[in-house]
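Number of protein chains: 2
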Amino acid sequence: MFAIDLRERTPIYEQLYKRITELIIKGELKQDDKLPSVRELAKELGVNPNTVAKAFQMLERDKVIYSLQGRGSFIAAVQTDSIKERTLTAFDAAVAEALKAGLTADELILHIRNFNSKGTDKNEKEKTDE
Amino acid sequence: MFAIDLRERTPIYEQLYKRITELIIKGELKQDDKLPSVRELAKELGVNPNTVAKAFQMLERDKVIYSLQGRGSFIAAVQTDSIKERTLTAFDAAVAEALKAGLTADELILHIRNFNSKGTDKNEKEKTDE
DNA sequence: TAACTGTATTAAAGCAGGTAGTACAGTTGA
DNA sequence: TCAACTGTACTACCTGCTTTAATACAGTTA
Numbered sequence: 024m025f026a027i028d029l030r031e032r033t034p035i036y037e038q039l040y041k042r043i044t045e046l047i048i049k050g051e052l053k054q055d056d057k058l059p060s061v062r063e064l065a066k067e068l069g070v071n072p073n074t075v076a077k078a079f080q081m082l083e084r085d086k087v088i089y090s091l092q093g094r095g096s097f098i099a100a101v102q103t104d105s106i107k108e109r110t111l112t113a114f115d116a117a118v119a120e121a122l123k124a125g126l127t128a129d130e131l132i133l134h135i136r137n138f139n140s141k142g143t144d145k146n147e148k149e150k151t152d153e
Numbered sequence: 024m025f026a027i028d029l030r031e032r033t034p035i036y037e038q039l040y041k042r043i044t045e046l047i048i049k050g051e052l053k054q055d056d057k058l059p060s061v062r063e064l065a066k067e068l069g070v071n072p073n074t075v076a077k078a079f080q081m082l083e084r085d086k087v088i089y090s091l092q093g094r095g096s097f098i099a100a101v102q103t104d105s106i107k108e109r110t111l112t113a114f115d116a117a118v119a120e121a122l123k124a125g126l127t128a129d130e131l132i133l134h135i136r137n138f139n140s141k142g143t144d145k146n147e148k149e150k151t152d153e
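This is the structure:
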């Protein structure tokens, strides 16, 4: 469920951060659901507990989860909008880069439309096999 | 003209790579134009010659420039398409991220349209003051 | 030939990501 | 009460990447 890719160049804690927000958006994690403990999840992923703790602390800073010492970490009041907003900020940067590289807004839009037709199937499948 | 931001978290050689492709796309650098020498540009930017050389070597690897030992580095046959293609690959990743985070293609497209109306003026101004 | 060019090499410093181990404080349930 | 869990904090260390530094070598140019 929380699977990440250790061969990726992006930091593990960032992948975990994104993965958990994804699960919330998809509805697989709901408000007040309990997350695995730092140590348990670290063992499951084969990474260091500190790395998981770092992801959890970032998620708590952004009010995506709340952590209670001695009890565990839980999904906060689901704020889909703020998650989307943060994502959109990252997306903005990518758009800016593309425009500077000479691509037009129309080219980007066309690309998104093509992308969408390819990506939908994969999203559907992902719901079952994890 | 080749200004970069030393406070950025992205590597200097990457910034320089992008900057030069930008200048080509904008038409400010044309085929067979001579680039500043590695040492000269390094002095201008206040960075190490090795860092500039690294950027130049990446640009040569991607056929954006060609370098002649003893002579200098020059803009290659301008292949706007391949530059755009590389940029589009990076853009794809950003789109995939956004879709996974629950944003819809329509939301992204709407965002690009708004973004465009904001960004155009800045692009126009940039041509003169560097 | 002097002064420029790109290129290559080695060494060192700085930083971020990740691991490892330990410790402390709060909670839970037997 | 107490063992076993929880999050949190801290130090130390390793690794890889980025950058700097100092040379050195080979080709070009005036």
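Same order as they appear, the protein sequences are chains A and B. Quick note on numbering: the first sequence equals residues 24 to 153 in the numbering used here. Quick note on numbering: the second sequence equals residues 24 to 153 in the numbering used here. Ideal Cβ positions, reconstructed from N, Cα and C, are used throughout, including at glycine.
{"Item": "Cutoff 9 Å: Arg30 (chain A) Cβ touching any chain B Cβ", "Value": "no"}
{"Item": "Closest Cα partner of Leu46 (chain B) within the set A:Ala128, A:Ser60, A:Ala124", "Value": "A:Ala124"}
{"Item": "Coil, strand or helix - Lys57 (chain A) by DSSP", "Value": "strand"}
{"Item": "Backbone CA spacing between Asn71 (chain A) and Ile98 (chain A) [nearest angstrom]", "Value": "22 Å"}
{"Item": "Within 9 Å, strictly: CB atoms of Pro59 (chain A) and Glu51 (chain A)", "Value": "no"}
{"Item": "Phe97 (chain B), enclosing alpha helix (DSSP H) - first and last residue", "Value": "That residue, Phe97 (chain B), is in no alpha helix (DSSP H); its beta strand (DSSP E) goes 95 to 98."}
{"Item": "Residue-chain proximity (Val118 (chain B), chain A), Cβ-Cβ < 9 Å", "Value": "yes"}
{"Item": "CB of Ala113 (chain A) within 9 Å of CB of Ala121 (chain B), strictly", "Value": "yes"}
{"Item": "DSSP-derived helix/strand/coil call for Lys148 (chain A)", "Value": "With a pLDDT of only 40 at Lys148 (chain A), under 50, the local geometry of the prediction cannot be trusted, and no value is derived from it."}
{"Item": "Thr127 (chain B) versus Ser105 (chain A): straight-line alpha-carbon distance, rounded", "Value": "15 Å"}
{"Item": "Straight-line gap, Leu88 (chain A) to Leu111 (chain A) (C-alpha atoms, nearest Å)", "Value": "The sequence given here has Ile at residue 88 (chain A), not Leu. Cα to Cα, Ile88 (chain A) sits roughly 20 Å from Leu111 (chain A)."}
{"Item": "Close beta carbons around Tyr40 (chain B), own chain, < 7 Å, minus the five adjacent residues each side", "Value": "Ala78, Met81, Leu82"}
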